[in-house]
Amino acid sequence: MNDAVYKKFVKRWEEVTEIPPQTLGPATPLYKMAVSKLKVMPWPALVLVSTLLVIGIYFLIGSGIVFLVTLLQRGF
Amino acid sequence: MLGNELLAAAVNAGQTLIGLVWHPYATYRRILEKGRIAELVYIALLLAIYFAVASLVKTAAFRPFLLTKQFVLLTAAVGANYAVAVGLLWYTGLLVGGRGRLDRFALAWAYTLIPTLCWFLATSLLYVVIPPPRTTAPQGILFSVLYLVFSSTLLFWKVTLAYLTLRFGLKLDLKKISIVFAVVVPALVVYSAGMYKAGIFRIPFL
């Protein structure tokens with residue numbers, strides 16, 4: 000095993016032993032999938048979830064979203 | 000010596016800010032392994048820029064006394080918010096079996112203020128460019144949808160960074176992180192209600 004590979008292995012080993020991998024029983028694959036989308040360049044996943052959420056809110060309260068936005072815009 | 004430390008912290012802070020956008024997990028591991036407390040200076044500097052902008056927008060008058068008063072009020076309130084949030088999260092985390100270093104944990108939490116800062120800055124500028132209230136015309140609804148997508152994207156980014164702070168900063172698993180949030184979030188809601196009543200923030204800067 001060359002030096003670079005060995006160092007990478009040791010680093011990964013330390014990470015795993017310091018914080019054990021997260022498991023969630025039967026939901027573990029789902030958790031792993033969500034985390035893999037967030038680890039590198041999370042923006043496509045974040046924007047997609049946000050868009051779905053906002054569409055849901057729009058269907059729920061219709062044009063009431065303009066009042067919500069008015070409140071938020073005055074919230075700073 | 001201090002100059003070297005500040006320079007090294009500036010390089011670290013720059014790398015971290017880029018890292019938060021592109022690879023937050025690896026960046027949070029790095030903050031908690033190699034973070035320098037001096038990086039807080041640069042985060043405070045970014046916040047100070049926002050407070051200056053917000054003071055101008057909120058005061059709506061170029062009167063040095065009022066602007067300074069608003070600036071000092073915002074700075075003190077955000078400083079208090081930060082200290083309360085770090086204290087509550089740290090001690091609750093320790094109670095559920097967390098372990099770590101308080102200085103690095105405090106630094107990691109400070110980086111979760113970056114999404115908050117982006118939202119507040121964008122909202123302040125939009126308040127000037129497209130002031131509320133919004134209307135139910137198609138343009139108003141389209142703007143509202145885009146603004147809400149923007150806001151919730153930043154909120155999810157913030158939640159991810161908060162999760163990583165507890166995961167790597169206190170070495171907790173998801174169950175314990177949920178317990179910490181279940182204890183701390185209601186306390187912060189009550190605290191934020193106090194800030195609202197004091198007329199400092201309508202939406203808490205956490």
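Top to bottom, those sequences are chains A and B. With numbering that gives the first Met the number 0, letter number 18 in the first sequence gets 17, and the count goes up by one each step, no holes. With numbering that gives the first Met the number 0, letter number 140 in the second sequence gets 139, and the count goes up by one each step, no holes. We treat Cβ as the ideally placed atom computed from N, Cα and C, and that holds for glycine. Nothing here was measured: the structure is a model prediction, and the numbers come from that model.
Look at B/G97: its C-beta is not under 9 Å from any C-beta on chain A.
In chain order, L169 and L171 place their CB closer than 6 Å to the CB of B/G97, counting only its own chain and leaving out the 5 sequence neighbours on each side. Around the C-beta of B/A59, fewer than 16 other C-beta atoms lie within 10 Å, and the residue is accordingly described as exposed. Secondary structure note for A/K36: its alpha helix (DSSP H) is the uninterrupted segment T27 to K38. About 18 Å separates the beta carbons of B/L153 and B/Y24, which is beyond the 8 Å limit, so they are not a contact pair.
Residues Y190 of the same chain have their beta carbon placed closer than 7 Å to that of B/V83, with the five preceding and five following residues left out of the count. Taking the C-beta atoms as reference points, B/S143 is found no nearer than 9 Å to B/V56. A/Q72 is classed as buried because its beta carbon has at least 16 other beta carbons within 10 Å across all chains shown. In its chain, beyond the 5 residues on either side, no residue has a beta carbon closer than 8 Å to the beta carbon of A/A26.
Around the CB of B/K33, fewer than 16 other CB atoms lie within 10 Å, so the residue is classed as exposed.
For B/G139, the residues of chain A that pass the 9 Å Cβ criterion are S62, V65 and V68, in the order they occur in the chain.
Annotation for B/F142: the continuous alpha helix (DSSP H) segment containing it runs P137 to G168. Contact between the stretch 103-112 of chain B and the stretch 46-60 of chain A is not established, with fewer than three Cβ pairs separated by less than 8 Å. The beta carbon of B/V183 sits closer than 6 Å to the beta carbons of L87, L88 and T91 from its chain, once the five residues preceding and following it are set aside; these are given in chain order. The C-alpha of B/K68 lies about 50 Å from the C-alpha of A/T16.
Contact between B/L116 and B/I36 does not hold, since their C-beta atoms are separated by about 19 Å, which reaches or exceeds 8 Å. In this structure, B/V188 sits away from B/V95, with a CB-CB distance that is not shorter than 9 Å.
In chain order, T58 place their CB closer than 6 Å to the CB of B/L65, counting only its own chain and leaving out the 5 sequence neighbours on each side. Shortest Cα-Cα distance from B/W156 to any of B/E4, B/T135, B/R166 and B/L19 involves B/L19.
Look at B/R29 here: in three-state DSSP terms it is helix.
Cβ neighbours of B/T159 within its own chain (closer than 7 Å, five residues either side excluded): P23. Flagged as an interface residue toward chain B: A/L52, by a C-beta distance shorter than 9 Å. Listed by position along chain A, the residues whose Cβ is nearer than 8 Å to that of B/K170 are E17 and I18. With a 10 Å radius around the Cβ and a threshold of 16 neighbouring Cβ atoms, B/M194 comes out buried.
Along the stretch 20-31 of chain A, going in chain order, the ones with a CB nearer than 9 Å to a CB of chain B are Q21, T22, L23 and Y30.
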